[in-house]
Structures are given as structure tokens and as C-alpha cells.
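These notes concern the structure reproduced below.
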Amino acid sequence: MSRRVVVVGAGVAGLSAAFAARKRGIDVTIVSAGAGASALGSGAVDDQPWEAWFSAARALGEPLRARALGDDVRAFSDALGIWDLPPADGPAPLVATAAGRVRPARGRDRGLLDVGSYRQTTVLVPRAPRAGWDADAIAATLESEFLSRRAELRFLPVDAPILRFVDEARISDVDLAMRHDEPSRLSWLGDRLREMLTNTRRACSTTVSAVLLGPWLGADHERATTLSSRVGVPVGEVLVGVGSAAGLRFEAARQRLLEQLSVQLVNGRVTMLRRVRERMEVVVAEDDATLVADAVVLATGGIAAGSIMYSPPDQRAGEDVPTTISPSFSYGIETIGVPITLALGSDRIDAGGSIFGPALDTSAWPSRARVGALELVGIEASGGRVCQDVFAAGDVVAGKRRTVLEAVAMGLRAGQTV
Amino acid sequence: MVPAVPPAQRQTLGRDDIDVDVVVVGGGVNGTGVARDAAIRGMKVALFERNDLAFGASGNNSGMIHGGPRYMLNDPKVTATSCRDSGYIQAIAPHLLFRVPFLMPAENTGRAKIMFALTDAFFEAYDRYQPLKRGKRHAMLTVEEMQKLEPGLRGRMVGGFSFDEWGIDGVRLCTANVVDAHERGARIFVGTTVERIERRQDSGEVVAVHYRDRMTGQTGMIRTHTVVNATGAWAPITTSLGGIAPARARVRPGKGIHIIYDRRLVNYAITSRTIDGRQIFIAPWQNTSVVGTTDDDYYGNLDDVRATSEEVRYLVQGIARVFPAIRTARAIGTYAGVRPTLHVYGPLEDELSREHEIIDHAPHGAPGVYSMIGGKLASYRMFAEEMTDILATRFGLSAQSSTHEKPLPGGDLVIDAASLAEQMQIEPIAARRLTFRHGSRALRVAERVRERPREACTVCVCEPVIEAEVRHVIRHEWARSVADVSRRTRLGLGACGGMRCAARCGQIVAQELGLSPQVGLRQAANFLVKQAQTRAVALGPEQARQEALAIGAVRAELGVDMPAETEGLAT
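Protein chains in written order, with numbering that gives the first Met the number 0: chain A, 0 to 417; chain B, 0 to 570.
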């Protein structure tokens, strides 16, 4: 009988662990408890926090270049099929954010527009009567960004009837994205954008390089490529920080990849992990099923996913002092025979010097100089290993950078060693 | 408004060596109250505010114009004035008020029976003041009745009492006053600090006020012979700008913090006692619940007063004795302010008087300079009237104050939110919030929407706030930053902490004021980080998860190093 592995968590880390383990012929089951950082992600595929990278390049006056990636990372990305990761040393993709920034990324969801390779051209931003989509304000802000000015990139707001029905002024971004999953609707949009392009070219002599839209281009597949070929110039989305169509597209791509890899997906929250003789037992809450495995990969995400919980003792105090004093962070899965230790970066978390837990007054959020405590907390897993037969990957690991590609690299390593 | 005293007898009014009759320094309730009263009485007024309207204690208090039963034993005059003026405020700004019924549990201590009877007698006495502010009489309640009214109530009690108070939005109150003053000719300078009060070498008389716009750096001068220092806890700093010793306008600065919880956890405000015996409360306030407050001497930076986790835990511990569910409730923010209490050395903070006084600095060699010290929100109007009476006497004006009967902007007419919602094509809740904040002035926001339908779009989903209102407060209420808009509209103060609306608001601010879009972006980033800091001190499990998501989103969309790059720029 082949080796059996249970991967807990179906974000990028869990998925890449399942991918790598399947490549080795291991029998993999993946357990998903719902949306975490990946499914709510922005579509930016970062290998490092971009702010420091950007500041350094800006200070040195150097172009932003993509860094090298492992072959396995590339293989995983190809299999997933929704990311564009340009070759190393080439220009880094630049994405436009809904807030109005132009920022680098190592890669991007293909639905997002990459303005990194255009210089001295104009990107059209169609006007639409939607909250949060003030084309004039977004265009003005994007154009005032450092990277736009350096590339002499213009953003021009233009009139185009890109909403087809009255209710589309009010429905959510995600609902609008779903409407564009329908081919006829997408061709309708393509026609409108082409008219817009023709009109713009007739009205002014500017060179139009691309069209920027809100996060509306498909929830199932990204429809940007189809649309681009219909319009004649690249059409893509703006980046939205949380809960965008890019997250939905990740979920859809995950579904396809898991089917292709023949990985079984179990929906439910894991409540317990225990060692029974030589094997691991994983208890899933909803149906009380117990999965048995030779090894387990914990890819449950960080605080954002609800896998690590902040629970200061005074929360349980009622009208008096707490009945027990325990550390202020806890792991969402109870374990027996599997020692799990939580740490803030490299500092192990214990009950500490306060019965009320830590003062996060100034440390919770990041600043330029410092990573935030809520980004540092996780389980101790040196080299991705928690203990014998238990591995960890992604945001659940203490002190790791919370980026997509870091999570993928950790997931692949776990899948390769498990 | 027509002066009854012949022009020759007037001290300064209308003289041509001045630009305005009086410069009011401070954009809190006292300053805006004086500016309004003086403008109504025909004086030419300029008002300077270093930070923003209601930036200090006026916008960071318990949000109530309570009668102050607490002061009834030691300061019955304060209670009487507060109740009477509270009644006047209801009459001039009915849209800004909402009833906050209180429950006060009586703890089961050794002498519970006697204390219970005494407290009843106490409230019996307070009932006499209630008609002044349209309040209901108190009721003596059994434990069962108390728990029926508020099922979350716990703790050892023998019963309790109900009494009646009114909630208000202090920022809106200041804004309404300043809008009215402006419409009556006052010049308003927000975000503009007074750098120097220039006085004559010989007579000590005021000649001019020199100022600097903190956002643009632009400096200027305005000629006047009269200055009213209504800067609250900043009072001694302001007098020193005129070469008057800070000790001449001394206050006892008392920091008070509040914790804001998501949604209304209670229908009644509930009082409790802290470990050191102070009375605190949890109150339903607008669409949130508020816990307050502390009272501690404060010597830190008045431009950046923040709650600490120590203070939060002290309050939560106190509230948990009567309402233990507070432990697991979701705190979505904190705020802090500094009370400008009258200076006395010795007594504990809570024993300090809430009376107010006006200091004439003529005996200190600075004729024409007045400092307003102390006071409270509930009696701001009366304090402003007293100050303006002094100004009127100085200028030989006989006009009496009419601020107790002239409605504040928006307070003249009751607007039906439901029909407004239909007319504007916005959510009923958005319309209700709009009429609460603006009263009949909501119609002006509606007019914007009629002209530009896209401004009906919601900018802040949590509150909610529509685009037209954001633009309105920038154009007509001196908001110059995301934080200013937030103060006036509560944009970004909901559960999501501005994650979805700060950047959009920054874009609008930049558009409206013709600023670089980069300034708007930085304002948004600064706002997000500052708000996060106020939440971090009261972090619980659910909010921690929300924060982790917010950090991810801000990193993706804005980057976390924006604020640091922009020090010194407008916040």
C-alpha cells in the first residue's frame, strides 16, 4: 500500500504540498476549512514584501528586476495555470492597485494588468458608476505614482458604457466578475472596449498600450486574455487588497488541479491531530470522520485564517481573574503526541510575565522598520518540520514572510520530504 | 445686532486698525460656541484651530450631554446648569440627540438597604432637574426587573435604578456651531496654528495674531485687539504664545479613554465601579457601544493622546463585574481625550470640579486676552454665552445671547429619513445616518446627489457614508484630510477599520482640495495606521483575525511604509 499523507489546509501552501507529494506517488487527502489568506488574496504573487524592494530600487535608481525561482515553483505555477511569473532578471511585473499605487510583484494572477513593460504610453481607465471606481481619481493617483512617472506612463479616464444592466452599479465586484464568465457577455464587453479604443484614437494621438478595469474579469477563469485578443490591446484588472475575483479564480484553479492530481478534498475543520502507534489520526469536526495517515502537513494559515488564535487569558476571566493562565496565542487544532510550540518570530510563546497576556499596543501592526506581531506568530517548525511525521508550511510557520511564493516554496518542500 | 451704544464709546468694534473684533483660538465646543454667539451678536470673528474641529476633549468624550448627577452632591450648580443647557441644546439641535436610558445596579454590600434608600433619595433629588432636559423620572427596580431590561446583567445586587440622559455627537455639535458662525461672517481657519499673539510693548494690548497653516506651511497675520483662548488642555500653551505665563491659564489635564465595541451590546447604559471605586459605564452610542472612562493626570503630547492597554483592561475589569459578556465582545477601537479641568493641587482626579471660569488677563498685563478654563460639553453654550457677554460689554454691544433659541444649522427642520432614502436612491440606514449628522442640511447633500447621481455611491460600507456627504464635509465643513472626514462622518470607524474606504476617501480629498493624489494616498495610509494603533490596545480574538487580514490587504494595496515616508505631511 502506498504512503498516505493528509494535508490540512487548502491554500497555496497546502496545495503545493499536495502537488509535490502526488508527484512522488503518495496518496494525498487535503482538508479545507474554508477561505483563508489565499482565497481572499489580492492576486499579487510576491516573493518578498514589496515595499522594501521598491524603496531600495527607488533609492538606488535601479530598475526592478524579477528574482530567480526554483524549477519546482515554476512547475507548480504552470500546473495551477493562473499565474504569470516572468523569467528571472527580466523587468518585474507592475500592478496597479485600487488605492492608486503602482507596485512591483514577482508575479501576478493573469487577470491583473501588468503595466511593467510599457513606457511613454497611455493606459485607458473606463468610467463606471460604481462605488470605489472613480476612474478619474484612480487614473490621477496612478499617474502620480513614482513608477508611472519614471516610465512616463499615462492613465486616461475615458467614457465607455461597460456596465450592461442598471443593477451593476450596485452589485459586488465578485458578482460582476461572475457575469463575465458568460462568453456572450464577455464579447459584449469586448465590443464596448473596442469602440472606446477607436473613439480615443480618433480623438487624440496618444499611443494606447492597455485598458485597466476593476476586479471584474471572471470568477471561474480569468477572462482577460480572451478579452485582450478581442480588443487588440491587453485588458486587465486592478489589484484589490482582500476578497477580490483573483481569490475566486484561485479557488477554481485549485479545484481543477486537485481533480487532475486525484487528490481527495474533504471540507471540514480539523479539530484534533493525534499519534496512534506509528500512524497519525486527523479528526475532522463536521462529520467526526477520522483520517488515518503516515504523515501530516499542517498548512492551516496564520491568524487571518483562524488557525492561530489570539486568546488572552482575561478573555476567559468573566467577572474575576481567569481560572487558568495560559499563553495568549493558541493553535486551533488540539494535538496528542504531537508537540506544537507557538512562537513570535524566534521567541517561543509561554504564559509569560502577565496574567492578562502581552501588550500588543505598538507591536501588532507592522511599520517600515518592523514586522507586525500578528504576522510573526505561528508554530515552531525548523526546516518545515514540526516533529516526526508532522510538517508545516505557509503562514502557520512562525517568523516566515507572509508571501505567496514563500508559502509555495515551503509547501513544496514539505511535499517533497513528507 | 444693531449696537445700542454709540460708536464712539465702543472699544474696538469697527475700528480700521483691525481685521476682526475677536480672534477665537480653539475649535472645540467652547471656541466654536463663542465664535457662533459673537457672530450672531454682530462681532467680526476669526477662529483658529491647530488640529481639527473637536480634535481634543470635545470630540473624545463620552458623547453625552448628561446632567451630571455625579456632581449633584458637591457641585449642585454644575448639575443645574448642565441640565438647563442640555435642554437648550435639544431645542437648537434636535437631530444630534438620542436618548440614553441608564441602569445603575445597587451592589449588595454590608449596608445595602441603607445605601439603596439613600440612592433613591438622591435620584429623587435629580428628578427635579429632569424636566429641564425633557428627561424621564428615575425608577427603583428589583433585581428581576433589572435583568429583564438587560439580560446580560450579572453580579451581586439588591436592585437598581433607572435614570435618563441624552447622547450627542460632539464633533457634529462643534461643526454645526462653526458652520453657523461662518454663515454669519466669521472667518474659519482649521489646521492652522497660532504661532504668536503680538502685543504692544507699552500697554500690553493685543495687536495681531500670527498663524501658520500646518498643512501648507503658509503663514499669515490677522489684526485684532481681542483674543479668546478656548484651547482646553492646550490653554497654558496658548497663553504663552502671547507672552503670558502659562501658570495664568493653568488647567489640571485629566486624560480619559473610551473603548468602542462593534454594535449595540446593551439597550441601556449600565454603570459599574472600578477596582478603585470610580463610577464607569457601558452605553449604547449611535451604532456602537462605548465603555468609559478613566481620569488620570496627563502630561504627554496633547496632539497625540492614545489609550493604552493598561487603561483598557482597567475599564473592562470594572464593566465585567456587572456585564461579563464584555470580555468576549469585539472591541473595534479606542479613543482618548484630555479634560481641561480647573487647576487644584491635591484632590484626586474624580473629586475635581467641573465648573468653568473665564480668566481676564488684563491684571497679568495683557488686556484683551481671555482664557476659558474648564467646563463640560453639556454646558458649553452657557459658558460661551458668559464669554460673549464679556466681549459684548467690552465692545459696548447690548445684544443679548440668543444661542439658546436660534437653531443650529440643520436643527430647524425634521427630515424624514425614509422618504429621503427613496428620493436619493440610497439605503434607508444611510439616509438615517445622514439626517442624524446633518439634520435638515441633509437636503443639501441630497441636492448634490440630484445633480450628480454617482455621488450616491457608498464610500464607507460599515457606517455607511455616501460620496456626496464626503464631498460636502470637505467643501462646507473644513475637512482637509481623511482623518477630518472620519471625524465628521464616522467614515472608517466601523468594524473594518477603514480598510475598504480610506484610500477612496483620500482620492476624494485630493480631488476636492486640488492636492496631489499622492497626498490623498498618504493621508489614507496614515489614517489606517493610526486607527490600527487605537485598536491594538483593546485586541481580542475576532478583531485580531480581522487585523491580520487588514494587514495583508494594506500590504497588498498600499504598502506599510507609506506613513513613515510622509512624516510632517498632513495626517
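The beta-carbon is built from N, C-alpha and C at its ideal position, and this holds for glycine as well.
Three-state secondary structure (DSSP) of residue i
i: Asp-346 (chain A); result: strand
i: Ala-17 (chain A); result: helix
i: Arg-309 (chain B); result: The sequence as given places Glu at residue 309 (chain B); Arg does not occur at that position. Glu-309 (chain B) falls in the helix class under three-state DSSP.
i: Asp-84 (chain B); result: helix
i: Ala-368 (chain A); result: coil
i: His-355 (chain B); result: strand
i: Glu-454 (chain B); result: helix
i: Ser-418 (chain B); result: helix
i: Glu-194 (chain B); result: strand
i: Lys-22 (chain A); result: helix
i: His-437 (chain B); result: helix
i: Pro-2 (chain B); result: The predicted model places Pro-2 (chain B) with a pLDDT of 44, which falls under 50 and marks its position as unreliable; any figure quoted below should be read in that light. Correct three-state label for Pro-2 (chain B): coil.
i: Met-498 (chain B); result: coil
i: Cys-459 (chain B); result: strand
i: Phe-164 (chain A); result: coil
Per-residue burial, residue i [other beta carbons within 10 Å of its own, 16 or more giving buried]
i: Ala-406 (chain A); result: buried
i: Thr-218 (chain B); result: exposed
i: Arg-14 (chain B); result: exposed
i: Thr-392 (chain B); result: exposed
i: Phe-47 (chain B); result: buried
i: Pro-86 (chain A); result: exposed
i: Glu-221 (chain A); result: buried
i: Asp-313 (chain A); result: buried
i: Leu-72 (chain B); result: exposed
i: Cys-76 (chain A); result: Note that residue 76 (chain A) is Ser in the sequence shown here, rather than Cys. Buried: at least 16 other Cβ atoms inside 10 Å.
Length of the line joining the Cα atoms of residue i and residue j
i: Ala-303 (chain A); j: Gly-231 (chain B); result: 42 Å
i: Arg-487 (chain B); j: Ile-425 (chain B); result: 20 Å
i: Leu-341 (chain A); j: Val-518 (chain B); result: 40 Å
i: Arg-255 (chain A); j: Gly-410 (chain A); result: 18 Å
i: Arg-129 (chain A); j: Pro-68 (chain B); result: 50 Å
i: Gly-89 (chain A); j: Val-370 (chain A); result: 28 Å
i: Ile-325 (chain B); j: Ala-319 (chain B); result: 6 Å
i: Gly-267 (chain A); j: Val-296 (chain A); result: 16 Å
i: Gln-89 (chain B); j: Phe-162 (chain B); result: 18 Å
i: Ile-256 (chain B); j: Leu-123 (chain A); result: 48 Å
i: Gly-558 (chain B); j: Cys-500 (chain B); result: 16 Å
i: Ala-16 (chain A); j: Gly-24 (chain A); result: 13 Å
i: Val-606 (chain B); j: Val-508 (chain B); result: Chain B is shown only over 0 to 570; residue 606 (chain B) falls outside these bounds and no answer can be derived.
i: Glu-350 (chain B); j: Ile-279 (chain B); result: 15 Å
i: Ala-7 (chain B); j: Gly-395 (chain B); result: Confidence is the limiting factor: at Ala-7 (chain B) the pLDDT is only 45, short of 50, which leaves the residue's position unreliable and the question unanswerable from this model.
i: Glu-197 (chain B); j: Gly-336 (chain B); result: 30 Å
i: Gly-115 (chain A); j: Gly-8 (chain A); result: 33 Å
i: Tyr-334 (chain B); j: Glu-309 (chain B); result: 14 Å
i: Asp-219 (chain A); j: Ala-12 (chain A); result: 21 Å
Below-8 Å beta-carbon distance, residue i vs any chain D residue
i: Glu-546 (chain B); result: Of the protein chains in the structure, A and B, none is chain D.
Span of the beta strand (DSSP E) around residue i
i: Arg-48 (chain B); result: A small correction: the amino acid at residue 48 (chain B) is Glu; Arg does not occupy that position in the sequence shown. Taken as a continuous stretch (DSSP letters only), the beta strand (DSSP E) holding Glu-48 (chain B) covers 44–48.
i: Ser-370 (chain B); result: 368–373
i: Thr-595 (chain B); result: Given that chain B is displayed from residue 0 to residue 570, the structure contains no residue 595 (chain B) and the question cannot be resolved.
i: Phe-390 (chain A); result: 389–391
i: Glu-476 (chain B); result: From DSSP, Glu-476 (chain B) is part of no beta strand (DSSP E); its letter is neither H nor E.
i: Gln-263 (chain A); result: 263–266
i: Asn-228 (chain B); result: 226–228
i: Tyr-260 (chain B); result: 250–261
i: Thr-141 (chain B); result: Taken as a continuous stretch (DSSP letters only), Thr-141 (chain B) belongs to no beta strand (DSSP E), as it is neither H nor E.
The alpha helix (DSSP H) enclosing residue i, as first and last residue numbers
i: Leu-548 (chain B); result: 540–556
i: Thr-323 (chain A); result: Note, Thr-323 (chain A): premise wrong, no alpha helix (DSSP H); not H, not E.
i: Gln-278 (chain B); result: Not the alpha helix (DSSP H): Gln-278 (chain B) falls in the beta strand (DSSP E), residues 278–284.
i: Ala-177 (chain A); result: The sequence as given places Met at residue 177 (chain A); Ala does not occur at that position. Met-177 (chain A) -> alpha helix (DSSP H) spans 172–178.
Under 9 Å (Cβ pairs) to chain A, residues found in the segment 131–155 of chain B = Taking 9 Å as the upper bound on Cβ-Cβ separation, chain A lies near residues Arg-153 and Gly-154 of the segment 131–155 of chain B.
Chain-ordered residues of the segment 448–470 of chain B with a beta carbon less than 8 Å from chain A = Those residues of the segment 448–470 of chain B that come within reach of chain A (Cβ to Cβ, closer than 8 Å) are Pro-452, Arg-453, Cys-456, Thr-457, Val-458 and Glu-466.
With 7 Å as the C-beta to C-beta threshold (strictly closer), list the residues of the segment 164–187 of chain A near chain B in chain order.
-> Correct list: empty, as no residue qualifies.
Against chain B: residues of the segment 363–390 of chain A by CB proximity under 7 Å | Residues are counted here when their Cβ sits less than 7 Å from a Cβ of chain B; for the segment 363–390 of chain A these are Ala-363, Trp-364, Pro-365, Ser-366, Arg-367, Gly-371, Leu-373 and Glu-374, given in chain order.
Report the residues of the segment 87–98 of chain A with a CB closer than 8 Å to any CB of chain B, ordered along the chain.
-> For the segment 87–98 of chain A, which is checked against every Cβ of chain B, the residues closer than 8 Å are Thr-96, Ala-97 and Ala-98.
Could you run through the segment 294–314 of chain A and flag, in chain order, every residue whose CB is less than 7 Å away from some CB of chain B?
-> Listed in sequence order: Gly-301, Ile-302, Ala-303, Gly-305, Met-308, Tyr-309, Ser-310, Asp-313 and Gln-314.
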